[in-house]
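Using this note's numbering, the first residue of the sequence shown is number 11, and each one after it goes up by one. All C-beta atoms in this analysis are idealised placements derived from N, C-alpha and C, irrespective of residue type, glycine included. Quantities reported herein were computed from a predicted structural model and do not represent experimental measurements.
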Amino acid sequence: MAFVKDMLRMWAHSWKRFISIAMITLLGVAVLTGIYAGCRDAFRSTDRFFDAQGLHDVQVLSTAGLSNGDIAALRKVNGVAKVQAERSQEVTFDLDGRKSATMQEIGTNGIDQPYLQEGRMPKKAGEIAVTRKFIRDSGKRIGSRLTVTPESASSDTSDTNDTNGADGTNETNGTDEAPSFPTKLTIVGVVLDPQNLSNPDGYSAMTSFRSTATTDYTFFAPSDGVTGTLYTSATLLVKGAAAESTFDESYENTVKQVTDRIDGPVKTDRQKARRQELLDAGNKKIADARAEADKKFADAQSQIDANRQQFNQQVDQIVSMQAGAAAAGAAANGANAGAAAAAGATTPQLDETTRETMRETIIAASPELTQAKQQLDQAQSQLNEQKASTEQTLKTKENELKTSIPQVRWYVQDRQSLGGFSALKSDLDSIQSLGNAFPIVFLLVAVMMSLTAMARMVEEDRSLIGTYVGLGYGRLAVASRYLLFALLACLIGGGLGLIAGFLGIPAFLLVVLQGMYVMPGLRLEYDWLYGSLGIALFVVGVLAATIYACVQEMRQTPAALMRPKAPRAGSRILLERIRPVWNRIGFLGKVTARNIFRFKSRLIMTVGGVAGCTALIVCGLAINDTVADLGIKQYRDIYQYDLMVVSDDSDASAMRTKVASDGRVTSSLDVRIESGDLTVAGSGDGDSGKAGSSGSESIQLVAVPEKHLSDLGEMVTLQPVSFGMLGTSGVGKTGSLKLDDDGVIVAQSAASALGVKAGSKVRLTNGDGVQATAKVSAVNRNLIGSDVYVSETYYAKLFDSKDAKNTKNSKSSEDSEALTWNAMLAKLSGSDTSQTDYAESLEEDSSVMKAVSCAHMADSFKFDLMGAVVALIVALAGGLALVVLFTLANTNVSERVREMATLKVLGFFDREVHHYVNREMMILTVMGVILGLPLGRLVGGMLTMALNMPSLYFEVEVKPLSYVIAAVATMAFALLVQLFVNPVLDRIDPISSLKSVE
């Protein structure tokens, strides 16, 4: 019992060490669990929301629409749980200019259901639900009315329209019609689109001109009032996918099995079948047109024949009358009346030549008959010409039909293709990667500080330890006094750390996240396993340090332990050998120098601890500086052009004419821009990944005209990049990189994420879904976005050559066409504001699909979530620095109580004692700061490897002000600690402190 009481008394006396260990454990566990818990809560709530709303696992799109046969084929795919055929239509309306929206039918099979936020769901024809973004932008509310105008049907779904005649229909075959929605609309509800969780009332994580949304808004309408049997897409749910977390690799593997099956024979067969349907529909329309024309021509010919028969009968009557009259006259001049009577009773018989001659004479003599004959001949001639022309037209249509209907292509996409989903996932993944890296530093500092504190605690009780061992107590029992002390401190600190880690930090992160994304049903959850392991990790580290300290002392005999420990022998230091410096140092300065280097363990612990905390602060500020400069570096340094304008292929010429006529462009470069994918090529067929997997990256494929390859360097800064160890990279000289016909130039942001280097083989997918294996000639410095530059010749070689792989989907060289330059990179005159305004005005033009001002992008680029995490990390690192300095300062004082008492006996005033002790701590702190600043820059340089985000490369930069802030903050913490240490020095009693242990 006395042993326990003495142990509790010893614990109470060492409350400062207890608090230090508890605080370090608190901070470490909070960092370890907090960022993880915040990201996990966001992941789980989003996954629950996706499951509740039935967000599709797979989406299938087709260049020719999907038919009922396509839907039926998808239902038969193994692993598909549900298939929902979807109809949509793009419309336009007036809202401070021309705006576009997608009319989306609300599915009836429970997939992609919008989440109701206000009002009610639409049920009748003409009712719609809109997003909060539309309500904010338009100023409308529930009950407001809106009139929209359908956009013209795309050429992809009406390739055979030119055979329809004048009816104006856009049928693709005899039964399938494109979707059509009501145009007089009434808003009845406000909903959240599960495919896009961006918060319109908050702030955006980052902006980019490339977006998966082709329209400004989405309107949701019920099936009532929607016509058309042709589907724009098919959405699928995969069996077993809902049981997996949508952000885990297991979910991706489950979905990938189904997408692979669809990408196989199903896709190939249905593409061929759909094209054959279009060909059959075209042939049927041509056959119907021929039959109809033949019927009309037959009717016209019958009418002409009837009219000509009537005309001939009239002429023949006149001929007969004239022939009879002539015969009667000849008989009257005969010899007898009998002969005359006989002649008068018989019609004279005329031969055909005579009759024809008489016809022509009669017709020529009569203007009316002449006109009638001419009309009949003209009608017959016109009919013959029409028949020949129609037959020629139909034959031409038959010959052109196969070439006019392109190959049908399917696009099989998973959730990674959704811009909102991939943005949320990349944001959370980046923050979680930081949460996995920083706790390591906290753990190392915690072990170092625990070793220092517990070693001093054991050393202070060495005589008592010797007494207990001499009395027969086991060494394990004696060591348990300190092990239980450290364990209790860790458990209490860890428990408080769990509260901060699973409540405080996640609440802070989720507030920031909710400013960027709308996540219904968000709640904080506790993870027992992760929380327990987090505490166990620090318990093991601290207990290991405690065991080491106990073993170091208890290896001695009880007699040796009960004797006072001999003071550490003094020794000459290196500074003493530098006589000009040493001779000019005062007495107390020499004492300070000797003390610093005599206690090497204290030197290492103090300098190491301060350096670690300073490095954490620098590292946090480095993230902030890096993110702050990303936009400026990309849009002002790398992109030298001021404006990018993109149009549809059909509007490319009109777009260039419009930009040229405005007179704002000083120089320009026509290019072709397509959205595609870059996949790391493997062995065999060179395809080692699918879009959305870890080996694939969405890219912007930029094709440059062959005659203007040298002009690319005037629009984009071309600098070769080489990758080193630990994620570092080196940038070559500007202008030393040229685009040629031997390979593609890949952006650094994509190359870093996929491990691509110069000389690598990659698989490129262009905007038409055609794949080909390409050689990477160089990696170009690029921070935002994933651009891949290719020459016109190499593009044709990749995607138009018969030798290219996947030739069943690629054009043959005979059928290939010249590239359409659908985009323009331009340098503009005027200020940044005028350039931004000009880009916005261009977007109002019907020929422009997107216009991007680099000045606007540089000013508006933000990464608010990263900034919030940086602030959190810097705050925790500052707290750790404060605890470390407090622990080391108190340990320093406890080690030197007799020394301080001696100084007081010698007549030192309290202020002089403060100065004597604090000067050593300040010098050690300065040494730690000097070491920590470059260490922080080194650790910050490794962030590129940790923050491996899609379409972003963190070119780490630390501004001089950040070094100053880190140094000043650490020194301020050291001065603050002095305010706590000075009263301890004042309370040292010289008499009791100098009593002999014996």
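Item	Value
Contact between the stretch 892–899 and the stretch 603–610 (3+ Cβ pairs under 8 Å)	no
Contact set for Ile-475: own chain, Cβ-Cβ below 6 Å, skip 5 residues either direction	Val-488, Leu-571
Per DSSP, the bridge partner or partners of Met-654	Leu-835, Val-862
Ile-121, buried or exposed, once every other Cβ within 10 Å from all chains shown has been counted against 16	buried
Length at least 3, wholly inside the stretch 869–900: the beta strand (DSSP E) runs in chain order	none
Exposed unless 16 or more other CB atoms sit within 10 angstroms - verdict on Asn-593	exposed
Start-end ranges of the alpha helix (DSSP H) lying completely within the stretch 555–600, minimum 4 residues	568–572, 589–592
Candidates Ser-841, Asp-234, Pro-132, Met-464, of which the one nearest Trp-21 by Cα	Met-464
Sub-9 Å separation of Thr-242 and Arg-425 beta-carbons	no
Exposed unless 16 or more other CB atoms sit within 10 angstroms - verdict on Asn-776	buried
Any non-hydrogen atom of the ligand FMN within 8 Å of Val-101 CB	With respect to the ligand FMN, the structure offers nothing, as it holds no ligand at all.
Endpoints, the beta strand (DSSP E) within which Thr-157 is located	155–157
Buried/exposed call for Phe-983, threshold 16 Cβ in 10 Å	buried
Cβ shell of Phe-990 (< 7 Å), same chain only, five flanking positions each side left out	Phe-896
Identity of the residue in Met-665, Asp-797, Thr-935, Ser-671 nearest Val-857 by Cα	According to the sequence provided, residue 857 is Ser. The question's Val does not apply to it. It is Met-665 whose Cα lies nearest to the Cα of Ser-857.
Terminal residues of the alpha helix (DSSP H) in which Leu-246 lies	Counting along the chain, Leu-246 falls outside any alpha helix (DSSP H), though it belongs to the beta strand (DSSP E) covering 241–248.
For Tyr-46, three-class secondary structure by DSSP	helix
Contacts around Gly-641, its chain only, beta-carbon distance under 6 Å, and the 5 residues preceding and following it disregarded	Ala-868, Phe-871
Limits of the unbroken beta strand (DSSP E) element including Asn-790	781–790
Given Thr-478 as reference, the closest of Tyr-261, Gln-267, Ala-569 once Cα atoms are compared	Per the sequence shown, the amino acid found at residue 478 is Tyr instead of Thr. If we check each option's Cα against that of Tyr-478, Ala-569 comes out closest.
Three-way DSSP call (helix, strand, coil) for Gly-38 in this model	helix
Other residues of its chain near Lys-15: CB distance less than 6 Å, five sequence neighbours each side excluded	none
Cβ pair count under 8 Å reaching 3, the stretch 267–276 against the stretch 85–103	yes
Continuous beta strand (DSSP E) assignments of at least 3 residues falling wholly in the stretch 270–342	none
Beta carbon proximity, Phe-548 to chain B, threshold 9 Å	Checking the listed chains, one finds no chain B in this structure; it contains a single protein chain.
Simplified DSSP assignment, three categories, for Met-33	helix
Limits of the unbroken beta strand (DSSP E) element including Asp-424	420–424
Delimiting residues of the alpha helix (DSSP H) encompassing Lys-15	12–23
Ordered list of beta strand (DSSP E) runs contained in the stretch 382–469, each at least 3 residues	420–424
For Phe-103 and Ser-168, the rounded distance between their alpha carbons	Model confidence at Ser-168 stands at a pLDDT of 37, short of 50, so the residue's coordinates are unreliable and nothing is read from them.
Bounding residues of the beta strand (DSSP E) (the contiguous stretch that carries Asp-680)	675–690
Rounded straight-line distance, which links the Cα of Pro-970 to that of Ser-839	34 Å
First and last residue of the uninterrupted beta strand (DSSP E) at Ala-662	Not the beta strand (DSSP E): Ala-662 falls in the alpha helix (DSSP H), residues 662–672.
Ile-614 versus Leu-584 - alpha carbon distance	17 Å
Residues sharing a beta bridge with Pro-730, DSSP	Asn-790
Alpha carbon of Val-591 to alpha carbon of Lys-767, nearest angstrom	53 Å
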